[in-house]
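**Student:** Below are the structure tokens for one structure; questions will follow.
There are 2 protein chains.
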Amino acid sequence: MQFAVEPVDIASRSPTVLLNESDAADLGVHPLDRVHLDHAGGTTVGIVELTDQLVPPGVVGTTRRLDTISGPVDVSLAPTPASVRYIRKKLDDIELERHEFERIVDDITDDRLADVELGAYVAGVYTNGLSLQETLSLTEEMTAAGEVISWDPSVVADKHSIGGVPGNRVTPVLVPLVASAGLTMPKTSSRAVTSAAGTADTMEVFCDVSFSRAEVERIVDEAGACIVWGGAVNLSPVDDKIIRAETPLSLDPPGQLIASVLSKKKSAGSTHVVVDIPYGEGAKMESLAEAREFAVDVRRVGEHIGLTVECAITLGSQPIGSGVGPTLEARDVLETLDGAGPADLRLKSIRLADVLFECCGVDADAAALLDSGAARERFRRIVDAQGGDPEVSPGDLEVGRHTRVVHADRAGIVTHIDNRLVNDVARRAGAPRDHGAGIDLHCRVGDTVETGEPLCTVHAEVSAKLEDASSLVDRTEMIRVRGARETLVERV
Amino acid sequence: MQFAVEPVDIASRSPTVLLNESDAADLGVHPLDRVHLDHAGGTTVGIVELTDQLVPPGVVGTTRRLDTISGPVDVSLAPTPASVRYIRKKLDDIELERHEFERIVDDITDDRLADVELGAYVAGVYTNGLSLQETLSLTEEMTAAGEVISWDPSVVADKHSIGGVPGNRVTPVLVPLVASAGLTMPKTSSRAVTSAAGTADTMEVFCDVSFSRAEVERIVDEAGACIVWGGAVNLSPVDDKIIRAETPLSLDPPGQLIASVLSKKKSAGSTHVVVDIPYGEGAKMESLAEAREFAVDVRRVGEHIGLTVECAITLGSQPIGSGVGPTLEARDVLETLDGAGPADLRLKSIRLADVLFECCGVDADAAALLDSGAARERFRRIVDAQGGDPEVSPGDLEVGRHTRVVHADRAGIVTHIDNRLVNDVARRAGAPRDHGAGIDLHCRVGDTVETGEPLCTVHAEVSAKLEDASSLVDRTEMIRVRGARETLVERV
Chain A
1 MQFAVEPVDI ASRSPTVLLN ESDAADLGVH PLDRVHLDHA GGTTVGIVEL TDQLVPPGVV
61 GTTRRLDTIS GPVDVSLAPT PASVRYIRKK LDDIELERHE FERIVDDITD DRLADVELGA
121 YVAGVYTNGL SLQETLSLTE EMTAAGEVIS WDPSVVADKH SIGGVPGNRV TPVLVPLVAS
181 AGLTMPKTSS RAVTSAAGTA DTMEVFCDVS FSRAEVERIV DEAGACIVWG GAVNLSPVDD
241 KIIRAETPLS LDPPGQLIAS VLSKKKSAGS THVVVDIPYG EGAKMESLAE AREFAVDVRR
301 VGEHIGLTVE CAITLGSQPI GSGVGPTLEA RDVLETLDGA GPADLRLKSI RLADVLFECC
361 GVDADAAALL DSGAARERFR RIVDAQGGDP EVSPGDLEVG RHTRVVHADR AGIVTHIDNR
421 LVNDVARRAG APRDHGAGID LHCRVGDTVE TGEPLCTVHA EVSAKLEDAS SLVDRTEMIR
481 VRGARETLVE RV
Chain B
1 MQFAVEPVDI ASRSPTVLLN ESDAADLGVH PLDRVHLDHA GGTTVGIVEL TDQLVPPGVV
61 GTTRRLDTIS GPVDVSLAPT PASVRYIRKK LDDIELERHE FERIVDDITD DRLADVELGA
121 YVAGVYTNGL SLQETLSLTE EMTAAGEVIS WDPSVVADKH SIGGVPGNRV TPVLVPLVAS
181 AGLTMPKTSS RAVTSAAGTA DTMEVFCDVS FSRAEVERIV DEAGACIVWG GAVNLSPVDD
241 KIIRAETPLS LDPPGQLIAS VLSKKKSAGS THVVVDIPYG EGAKMESLAE AREFAVDVRR
301 VGEHIGLTVE CAITLGSQPI GSGVGPTLEA RDVLETLDGA GPADLRLKSI RLADVLFECC
361 GVDADAAALL DSGAARERFR RIVDAQGGDP EVSPGDLEVG RHTRVVHADR AGIVTHIDNR
421 LVNDVARRAG APRDHGAGID LHCRVGDTVE TGEPLCTVHA EVSAKLEDAS SLVDRTEMIR
481 VRGARETLVE RV
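From first to last, the protein sequence lines stand for chains A and B.
Read in order, the letters of the first sequence correspond to residues 1 to 492 in full-length UniProt numbering.
Read in order, the letters of the second sequence correspond to residues 1 to 492 in full-length UniProt numbering.
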């Protein structure tokens with residue numbers, strides 16, 4: 001059926017279209033059905049909602065995500081997406097073929113899957129896992145679905161952390177550090193998956209992170225490096241949609257993770273990549289053996305798609321840095337670039353830079369580059385090139401004004417800081433979407449504390465969110481303090 | 001924050017609210033966030049979409065599902081639903097406690113879970129299964145979440161089929177048959193889960209199926225029985241929401257199935273229930289052993305909640321009856337009640353009625369009641385009481401006018417009719433939502449056919465849907481015909 005187009009001012013996250021109920025009856029479509037919109041620019045998928053009054057018969061109302069479509073359009077019921085069968089197959093624990101991943105990636109890219117289907121896909125990959133062959137197929141299909149950037153230099157450095165460790169904001173220190181040694185490092189980062197902030201969320205505190213491919217090239221030309229959000233560059237469009245489905249349940253299955261990471265590195269035109277794999281209680285990899293096994297798979301998939309990949313297995317059983325949440329982490333980054341900052345964040349940045357230097361065959365000394373101010377100077381050039389204030393200082397950063405200080409309920413030693421609870425509390429406080437929300441840690445495992453001493457401060461921008469975070473703090477033990485010679489951990 | 005309320009004419013399936021973007025920024029909410037709407041009538045959950053123009057600042061726009069809310073309302077960000085943690089736990093294959101099911105059922109009932117979360121819940125229960133203890137907990141919580149009806153007679157008969165077999169429209173024959181022997185049988189049925197039609201979809205061809213509890217009592221008073229949609233009676237409100245998440249991927253895990261069925265029977269005030277468990281290739285239970293194991297669990301859970309349950313394990317490797325899809329099945333039902341109709345449908349109805357008679361201690365002969373016209377007479381009273389035309393005859397029923405006849409491509413014997421493909425084709429043709437869509441089978445397994453003989457006719461109300469169904473028919477073998485003495489099934 002042929003329709004005129006009228007924009008409807010709804011900022012839906014989905015490609016929603018409004019149809020008059022009489023037209024919907026003629027088309028045989030119901031709310032949340034997928035339709036094909038055939039227009040001059042091609043075919044676009046729409047998700048139907050119905051109305052009697054907002055659009056008249058003969059008109060399709062397009063919400064903001066579809067505002068580039070102009071009439072006339074032909075509207076027809078979209079056929080059942082083929083990938084629904086393959087998701088069911090994965091739930092039945094049957095290995096998927098490459099062409100099946102191709103359809104899954106295509107259907108996610110084009111919004112053909114409904115949210116319940118996407119939730120089931122992520123859950124199926126999580127519970128049944130992906131074989132190495134499946135991971136290879138998925139990585140190649142995800143790479144094929146996005147744009148690929150190519151660079152002049154033959155060596156292009158890159159870095160990725162599999163995440164799971166709160167804080168751990170190494171990238172904004174590492175990128176200018178590596179670039180200050182003359183390497184090209186066009187870093188695209190994602191927003192948070194299961195953590196309280198992704199690198200893109202933290203960098204957004206300083207400057208824009210959403211740039212087109214041409215803009216990214218201009219920034220790298222100016223600063224030798226960039227730290228931008230991968231979603232905007234359209235390097236792996238499908239990845240952001242999968243991440244959106246993983247986030248609510250904090251799911252991040254290894255095979256999907258490898259495919260997400262390496263497809264994005266390949267698309268970014270990187271040649272040499274260091275992958276940070278933290279392990280330990282509460283990290284994504286619980287044991288060293290598990291971390292090693294994962295590292296071997298990462299290297300295999302990397303080799304297969306033509307990347308030089310080095311994995312750094314790191315300690316991940318407690319947060320790295322003091323701040324957790326975009327603005328609090330941004331503060332740590334600035335202080336570290338100033339030669340101060342949390343010791344663990346500084347040392348980890350230096351170690352990963354040295355691994356990259358060695359792997360890329362560059363003779364440079366990371367600690368010296370940091371202490372000389374060369375890295376800080378390079379960071380300012382990056383922020384400037386990305387439209388931020390290069391003179392920003394820690395005092396300029398605004399953290400959430402609603403706070404809750406958590407005190408030690410006894411004297412003793414900090415024996416454990418629970419990564420998952422730190423993330424959960426920071427997320428309930430509003431991170432990563434509320435930049436100023438998060439946790440400021442005042443202690444590390446091994447520190448001696450007195451009764452009543454502040455262990456951390458929870459920050460929120462919205463008081464309801466602070467309450468939500470506080471209620472989780474109250475009924476759990478995010479930071480564990482035990483008597484100095486106590487050996488009993490828990491009675492069950 | 002305090003808001004005025006303005007209705008917005010969108011017939012969303014979700015409890016969508018529209019907020020002005022400036023208010024959303026003040027509240028710290030984003031598209032698809034859950035908010036609490038506190039109003040004079042209580043607290044309702046809303047799902048946020050944003051707009052600049054459709055509602056001004058200070059006003060919340062309520063879509064049709066929320067049209068009973070009047071202002072002023074207090075809008076606040078809803079906290080993270082507790083059940084998200086329990087869904088994750090289920091995905092990690094850890095047994096859930098009863099109180100955890102309580103929260104899951106509550107959160108689904110009150111629309112607190114997003115679709116990706118609901119999809120992950122269903123996928124988790126499907127891949128990791130539910131233990132008997134978990135099934136008991138879930139059954140009790142689902143029963144507790146709805147209303148319970150009580151009846152005067154001490155014996156109240158009921159029936160359920162676990163489905164999976166196309167056609168199989170026994171209920172509209174069985175209910176009047178059992179009621180004509182003097183038993184009370186207030187049957188509430190669901191709409192289709194994985195099949196081309198549920199009993200409620202088929203009955204809707206004859207009469208209304210959506211009735212309040214008081215109306216159901218009036219119907220049963222008049223006719224001694226009813227065949228209504230359980231969703232409208234609010235007997236198991238959570239069930240319809242779970243089914244909506246199961247439908248796209250055709251998931252129907254056993255534990256969830258037992259909980260759905262028995263909670264609904266308990267809520268309907270039934271005392272004696274026969275559960276039809278079809279088994280065979282393409283049925284939900286593939287083997288007799290699996291069917292028996294499931295039957296034992298059904299009986300155990302039934303006993304636990306105080307129901308007398310008898311399970312009938314039946315042949316389910318091909319469709320029962322000729323029609324698949326609401327109207328085509330309605331035709332089979334009428335013909336069977338007229339003493340004719342498909343032989344398999346007639347015999348199955350008689351067998352299940354005799355099991356119920358024995359289990360309820362009633363001395364009656366099902367075949368005699370059918371042949372005497374007593375069951376047909378009772379069916380007319382039910383249709384009349386439910387607002388339909390009691391004089392309806394098969395000729396009054398309109399099937400989809402877009403048709404595709406499938407012919408035998410060789411002479412031989414029908415060796416297999418694939419249940420899942422029959423369902424998939426009928427669903428693509430538009431069933432169950434398009435009542436006239438479906439498949440009319442002209443053969444049964446074991447029939448001898450000539451080359452070019454019609455095997456079945458696919459019906460659709462919308463030509464695009466017929467094409468979608470046809471394309472599946474063309475690339476699969478829904479009805480298998482083999483040479484008379486052929487023993488080779490497939491070469492791989």
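Backbone N, C-alpha and C define an ideal beta-carbon position, used for all residues, glycine too.
Count the CB pairs spanning the segment 211-226 of chain A and the segment 179-193 of chain A that are closer than 8 Å, and state whether there are at least three.
**Tutor:** Output reads yes: the segment 179-193 of chain A touches the segment 211-226 of chain A.
**Student:** My assumption, with CB atoms under 8 Å, is that I69 (chain A) sits in contact with H39 (chain A). Please give the rounded CB distance.
**Tutor:** Contact flag correct, Cβ pair sits at about 5 Å.
**Student:** For P237 (chain A), report the span of its beta strand (DSSP E) as first-last.
**Tutor:** Taken as a continuous stretch (DSSP letters only), P237 (chain A) belongs to no beta strand (DSSP E), being part of the alpha helix (DSSP H) at P237 to E246.
**Student:** Would you kindly work out how many angstroms separate the C-alpha atoms of T403 (chain A) and L421 (chain B), rounded to a whole number?
**Tutor:** Distance between the alpha carbons of T403 (chain A) and L421 (chain B) is about 58 Å.
**Student:** Which residues of chain B have a Cβ atom closer than 7 Å to the Cβ of Y126 (chain A), listed in chain order?
**Tutor:** Result: L91.
**Student:** Would you mind giving the Cβ-Cβ distance between V425 (chain B) and V458 (chain B), rounded to the nearest angstrom? I have them listed as a contact below 8 Å.
**Tutor:** The Cβ separation is near 6 Å, so the contact holds.
**Student:** Could you list which residues in chain C have their beta carbon closer than 7 Å to that of T199 (chain B), in chain order?
**Tutor:** Absence of chain C from the displayed structure is noted, the protein chains being A and B.
**Student:** Quick check on the DSSP output: the alpha helix (DSSP H) that includes K284 (chain B) runs from which residue to which?
**Tutor:** It is not in any alpha helix (DSSP H) - K284 (chain B) carries neither H nor E in the DSSP assignment.
**Student:** Check whether chain A comes within 8 Å of T139 (chain B), counting only Cβ atoms and requiring the distance to be less than that.
**Tutor:** No, T139 (chain B) does not count as interfacial toward chain A.
**Student:** Write down the C-beta distance between residue 497 (chain A) and F211 (chain A) rounded to the nearest angstrom, noting that I regard them as a contact closer than 8 Å.
**Tutor:** No information on residue 497 (chain A) is available, as it lies outside the stretch 1 to 492 that chain A covers here.
**Student:** Residues of chain B with a CB under 7 Å from the CB of D434 (chain A): which are they?
**Tutor:** Ordered by position in chain B, the residues that pass the 7 Å Cβ test against D434 (chain A) are G28.
**Student:** List, in chain order, every chain B residue whose beta-carbon is nearer than 7 Å to that of E117 (chain A).
**Tutor:** Within 7 Å Cβ-Cβ: G119, P248 and L249.
**Student:** For Y279 (chain B), which beta-bridge partners are listed by DSSP?
**Tutor:** BP columns for Y279 (chain B) point to B:M285 and B:L315.
**Student:** Would you identify the three-state DSSP class for E310 (chain A), choosing helix, strand or coil?
**Tutor:** Strand.
**Student:** Quick one: grab the DSSP three-state call for V458 (chain B).
**Tutor:** V458 (chain B) falls in the strand class under three-state DSSP.
**Student:** Hey, I10 (chain B) and T51 (chain A): beta-carbon distance below 8 Å or not?
**Tutor:** In contact: I10 (chain B) and T51 (chain A) (Cβ atoms closer than 8 Å).
**Student:** With 16 other CB atoms within 10 Å as the buried threshold, where does Q256 (chain A) fall?
**Tutor:** Answer is buried; the Cβ neighbour count reaches 16.
**Student:** Please tell me whether K465 (chain A) has its Cβ less than 8 Å away from any Cβ of chain B.
**Tutor:** It does: the Cβ of K465 (chain A) has a partner Cβ on chain B nearer than 8 Å.
**Student:** In the structure shown, what three-state DSSP assignment does P72 (chain A) receive?
**Tutor:** The answer is coil: DSSP assigns P72 (chain A) none of H, G, I, E or B.
**Student:** Can you grab the Cα-Cα spacing for the pair H435 (chain A) / D276 (chain B), in whole Å?
**Tutor:** Rounded to whole angstroms, H435 (chain A) to D276 (chain B) spans 56 Å at the Cα level.
**Student:** Going along chain A in order, which residues have a C-beta closer than 8 Å to the C-beta of I219 (chain B)?
**Tutor:** By Cβ distance, chain A contributes nothing, its closest Cβ being about 28 Å from I219 (chain B), past 8 Å.
**Student:** Entirely within the segment 410-434 of chain A and at least 4 residues each: give me those alpha helix (DSSP H) ranges in chain order.
**Tutor:** You should have 419-428.
**Student:** Closer than 7 Å, Cβ to Cβ, to anything on chain B: give me those residues from the segment 29-62 of chain A, in chain order.
**Tutor:** Answer in chain order: H30, P31, L32, E49, L50, T51, D52, Q53 and L54.
**Student:** Quick one: is A25 (chain B) buried, meaning 16 or more other Cβ sit within 10 Å of its Cβ, or exposed?
**Tutor:** With fewer than 16 Cβ atoms within 10 Å of its Cβ, A25 (chain B) is classed as exposed.
**Student:** With distance defined between alpha-carbon atoms, name the residue in B:V170, B:V125 and B:E246 nearest to P326 (chain B).
**Tutor:** Looking at the Cα atoms, B:V170 is the closest of the given residues.
**Student:** Our contact map puts D33 (chain B) next to V48 (chain B) with C-beta atoms below 8 Å; I'd like the distance itself, whole angstroms only.
**Tutor:** Yes, they are in contact, since the Cβ atoms of D33 (chain B) and V48 (chain B) sit about 5 Å apart, within 8 Å.
**Student:** By Cβ distance below 7 Å, which residues in the same chain neighbour G339 (chain A) in space, the five residues on each side in sequence not counted?
**Tutor:** Counting only Cβ-Cβ distances below 7 Å, and skipping sequence neighbours, we find L370 and D371.
**Student:** Tell me the DSSP secondary structure of I258 (chain A) in three-state form.
**Tutor:** Three-state result, I258 (chain A): helix.
**Student:** Let me make sure I understand the geometry here. Which of B:P31, B:E21 and B:G46 has the alpha-carbon closest to that of Q53 (chain B)?
**Tutor:** Selected option, being the one with the closest Cα: B:E21.
**Student:** Would you please verify whether the beta carbon of residue 504 (chain B) is less than 8 Å from any beta carbon of chain A?
**Tutor:** Any question about residue 504 (chain B) goes unanswered here, given that chain B covers just 1 to 492.
**Student:** Rounded to whole angstroms, what's the CA-CA distance from E204 (chain B) to G388 (chain B)? Just pull it up for me.
**Tutor:** Using only the alpha carbons, I get a separation of about 9 Å.
**Student:** Residues of chain A with CB closer than 9 Å to the CB of A114 (chain B), please, in chain order.
**Tutor:** D115, G119 and P248, listed in chain order.
**Student:** Output needed for L77 (chain B): all residues of its chain with C-beta closer than 8 Å, excluding positions within five of it in sequence on either side, in chain order.
**Tutor:** The residues are L27, G28, V29, D33, R34, V35 and H36.
**Student:** So is S236 (chain A) buried or exposed if we call it buried at 16+ other beta carbons inside 10 Å?
**Tutor:** The residue is buried, with at least 16 neighbouring Cβ atoms inside 10 Å.
**Student:** Would you kindly work out how many angstroms separate the C-alpha atoms of R475 (chain A) and R491 (chain A), rounded to a whole number?
**Tutor:** Cα to Cα, the separation comes out at about 17 Å.
**Student:** Comparing C-alpha positions only, which one of A:D110, A:T271 and A:A312 sits nearest to S154 (chain A)?
**Tutor:** Here the closest residue by C-alpha is A:T271.
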